[in-house]
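Have a look at the structure below before the remarks.
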Amino acid sequence: MSEQSFEKELEKLEVCVEALNQPNIALNESLHNFEKGVALFRDCQELLDHAKQKVLTLQAEPETPTEPAENFEASIKSLESCVEELGKSNISLNEALINFEKGVTLFRSCQEHLNRSKQKVIELKLVGGSVQETQKQK
35 MSEQSFEKEL
45 EKLEVCVEAL
55 NQPNIALNES
65 LHNFEKGVAL
75 FRDCQELLDH
85 AKQKVLTLQA
95 EPETPTEPAE
105 NFEASIKSLE
115 SCVEELGKSN
125 ISLNEALINF
135 EKGVTLFRSC
145 QEHLNRSKQK
155 VIELKLVGGS
165 VQETQKQK
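This note's numbering applies: residue 35 is where the sequence shown begins, and numbers increase by one.
In structure tokens:
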């Protein structure tokens with residue numbers, strides 16, 4: 035199957051269904067639209083299955099450790115932008131997958147930044163008004 039968008043394939047399928055619902059459609063035209071519709075349905079299903087697999091893959095734990103965000107605040111703003119895009123009703127399936135993937139990467143990066151910051155706070159303690167590093171237990 036060539037590179038195609040789910041939305042375009044779905045539109046083509048809707049055209050076939052509309053044609054099949056016409057009251058005076060000829061048998062040959064009916065069969066042609068039915069065959070075309072079945073093929074388009076299978077293409078749409080394949081595109082949805084691919085999207086589902088991509089989402090499941092992204093939700094799984096990464097194989098390699100995630101690097102912490104270099105600029106936490108900028109990463110959070112980018113993550114908010116991804117979430118905003120995903121909330122739009124007119125976003126295509128492909129755009130949604132791209133934003134979801136970017137969002138997952140940003141989320142993991144921010145999460146790693148927070149985990150390292152938390153660890154640093156645990157390693158530091160306030161003694162007599164000054165911060166001193168505690169001994170790391172081995």
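Where a beta carbon is used, it is the ideal one built from N, C-alpha and C, also for glycine.
For the options 69, 139, 81 and 43, the alpha carbon positioned closest to that of residue 92 is the one of 139. Here residue 71 is near residue 47, since their CB atoms are less than 7 Å apart. With contacts defined as CB atoms closer than 7 Å, residue 96 and residue 146 fail to qualify as a contacting pair. Within the same chain, 133, 134, 136, 137 and 140 come within 8 Å of residue 116 by CB-CB distance, once the 5 residues on both sides are set aside. According to the DSSP assignment, residue 85 belongs to the alpha helix (DSSP H) that extends over 61-93.
7 Å or more divides the Cβ of residue 150 from the Cβ of residue 100.
Relative to residue 80, the option among 41, 64, 155 and 144 whose CA is nearest is 41. A straight line joining the alpha-carbon of residue 94 with that of residue 65 spans about 43 Å.
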